[in-house]
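Undergrad: I'd like to ask you about the structure that follows.
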Amino acid sequence: MDMTKQQRAPFVEALEAYCAQHMKAYHTPGHKLGQGISDYQRRLFGDALRRDLGVMYALDDLFQPEGPLKEAMDLAADLYGAGRTFFSINGTTACIEAMILAVCADGDEIVIPREAHKSVINGLVLSGAVPVYMESRFDAARQVSLGPDLESLKAAVAAHPAAKAVLFTYPTYDGIAGNLQALTAYAHEKGLYVLVDEAHGAHFGFHPDLPAEALACGVDCVAQSTHKLAGSLTQTSMLHCRRDFPLTERVAASMNIVQSTSPHYWFLASLDSARQQLALEGREIIGRALNLARQVRKELNQILGITVFGRDIIDGHTVCGFDETKITIDFSGLGLDGVTAERELRREGIEVELVAGNHVLALITLGDTAATAEALVT
Ligand SMILES: Cc1ncc(COP(=O)(O)O)c(C=O)c1O
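The numbering used here puts the first residue of the sequence shown at 17, with every later residue one more than the last.
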């Protein structure tokens, strides 16, 4: 990776330089840089409205990038170790749809876990691919899915030898990471393309205590929600193809199909800026989140009736890694189910990410501080 280049944010720089020219606008959007917009939106977005631009001759085109946007996506590819990276203004949802569209034709079988995100189902509908399910292991005591293991994959492939691809959710929502390296090696040996929904792993490559990132496990295509656990705006994501992935151009064509032809430059600048932040400060800010999460987990586990699992979930077989920033708080020792616990927490001003079984999932991220970590424990 070229650290000198990573200091820059080429698309942010290009957008700012363009706005500094104060061009007279005779193009969309119709509010013309905020002049015709409603009072509410003017109060909400202020000067940022001058950057509400999408497709400008002076700047670059998301679908035929040749200038600063291409540079920005190339820098992201360099940072993540990809052959090519695509920015998405339609979340990981679009990335997952695009990678399925790229590898599967109508009637092709694709191996997926039962708990696949609904964007995977969208991908099946759009491509006409036929799902083949591999079994996931379930931890009944903790009430979380551990995802499929090698035996599950082998059974699915043996029953469906013509399957074209396999898609893994890595990590799970709860931060559980399977043995992706072994799963990928086996799938490739059997001639399957390996696609990964790494929506919850955009921060993995930036700290050695986190699970290995999917690209480092040898997979073909990875969709990541930069907005979830790295620092970009909601609905912005990246899709990475490994170096020399033969279907990269089909991925590019598919990304074209599943996104708006008027991508907001805010979102693209946001991805460029978040990439720069990760490159320059990733280790420090992700390390800080990890330390806060460890402290929160330790303190919560000292409260009678509450349990929060941690690295003890790793069994070296089905589960080979765990993201400690995911705090799954089990309230069953207090006689509460997750739904009730979430309601009680909300009454105290605490909003969690997810509810399931007897637990809620709270996230500690690069946005947390000692004060917000302590507030959760309190
Ligand atoms: C496992 C998983 N995959 C994919 C997605 C879709 O991501 P996005 O919201 O970035 O479109 C989500 C969203 O919650 C998710 O949890």
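C-beta atoms are modelled at their ideal positions from N, C-alpha and C, and glycine is treated no differently.
Would the segment 302-310 count as touching the segment 142-158 if we require 3 or more Cβ pairs under 8 angstroms?
TA: Not touching, per the Cβ criterion.
Undergrad: Can you give me the C-alpha to C-alpha distance between SER143 and THR264, rounded to a whole angstrom?
TA: 17 angstroms
Undergrad: Give the DSSP-derived three-state secondary structure of HIS375 in the structure shown.
TA: strand
Undergrad: How about THR101 and MET89: are their beta carbons less than 8 angstroms apart?
TA: yes
Undergrad: Which of helix, strand or coil does DSSP assign to LYS342?
TA: strand
Undergrad: Classify HIS243: buried if its beta carbon has 16 or more other beta carbons within 10 angstroms, exposed otherwise.
TA: Burial call: buried.
Undergrad: Are the CB atoms of LEU316 and VAL212 within a distance shorter than 8 angstroms?
TA: For the 8 angstroms CB-CB criterion, VAL212 and LEU316 do not form a contact.
Undergrad: Nearest to LEU85 by alpha carbon, out of ASP346, LEU352, SER276, LEU284?
TA: LEU284
Undergrad: Buried or exposed: which applies to ARG359, given that a residue is buried once 16 or more other Cβ atoms fall within 10 Å of its Cβ?
TA: exposed
Undergrad: Look at the Cβ atom of GLU369, then the Cβ atom of LEU382, and state whether they are nearer than 8 angstroms.
TA: Not closer than 8 angstroms, so no.
Undergrad: If we cut at 8 angstroms on Cβ distances, does VAL28 have a partner in chain D?
TA: In the structure shown, chain D cannot be found, because there is only a single protein chain.
Undergrad: Report whether the distance from the Cβ of HIS219 to the nearest heavy atom of ligand 1 is below 7 angstroms.
TA: no
Undergrad: ILE329 by DSSP, collapsed to three states: which one?
TA: helix
Undergrad: Beta carbon of LEU215: closer than 7 angstroms to some heavy atom of ligand 1?
TA: Residue 215 is actually Ala in this sequence, not Leu. Indeed, a heavy atom of ligand 1 lies less than 7 angstroms from the Cβ.
Undergrad: By the 10 Å Cβ neighbour count, where 16 or more other Cβ atoms means buried, how is LEU255 classified, buried or exposed?
TA: buried
Undergrad: Is LEU169 closer than 8 angstroms to VAL182 when the C-beta atoms are compared?
TA: yes
Undergrad: Can you tell me whether DSSP reads ALA357 as helix, strand or coil?
TA: helix
Undergrad: For the beta strand (DSSP E) holding GLU214, just list the boundary residues, first then last.
TA: Neither: GLU214 is in no beta strand (DSSP E) and is coded neither H nor E.
Undergrad: Going along the chain, which residues of its own chain have a beta-carbon closer than 6 angstroms to the beta-carbon of GLY107, five neighbours each way excluded?
TA: GLN251, SER253
Undergrad: For ALA118 and ALA175, what's the separation of their Cα atoms in angstroms?
TA: 24 angstroms
Undergrad: Which partner residues of GLY163 appear in the DSSP bridge assignment?
TA: BP columns for GLY163 point to ARG153.
Undergrad: For the segment 94-142, list the beta strand (DSSP E) runs that are entirely contained and at least 3 residues long, ordered along the chain.
TA: 100-104, 125-129, all fully within the segment 94-142.
Undergrad: Check whether the Cβ of THR109 lies closer than 7 angstroms to any heavy atom of ligand 1, and answer yes or no.
TA: yes
Undergrad: Would DSSP call CYS336 helix, strand or coil?
TA: coil
Undergrad: Locate the alpha helix (DSSP H) running through PHE283, then write down its first and last residues.
TA: 281-317
Undergrad: Can you round the beta-carbon distance between LEU350 and GLY373 to whole angstroms, since I take them to be within the 8 angstroms contact cut?
TA: Wrong, their Cβ atoms sit about 14 angstroms apart, outside the cutoff.
Undergrad: For PRO81, does the three-state DSSP call read helix, strand or coil?
TA: coil
Undergrad: In its own chain, which residues sit with a C-beta less than 7 angstroms from the C-beta of CYS336, not counting the 5 before and 5 after it?
TA: ALA193, GLY194, ASN195, ILE330
Undergrad: CB LEU199 to CB LEU166, shorter than 8 angstroms?
TA: yes
Undergrad: Which of the three DSSP states is assigned to LEU255 in this structure?
TA: strand
Undergrad: Mind checking which residues open and close the alpha helix (DSSP H) that includes VAL267?
TA: 264-273
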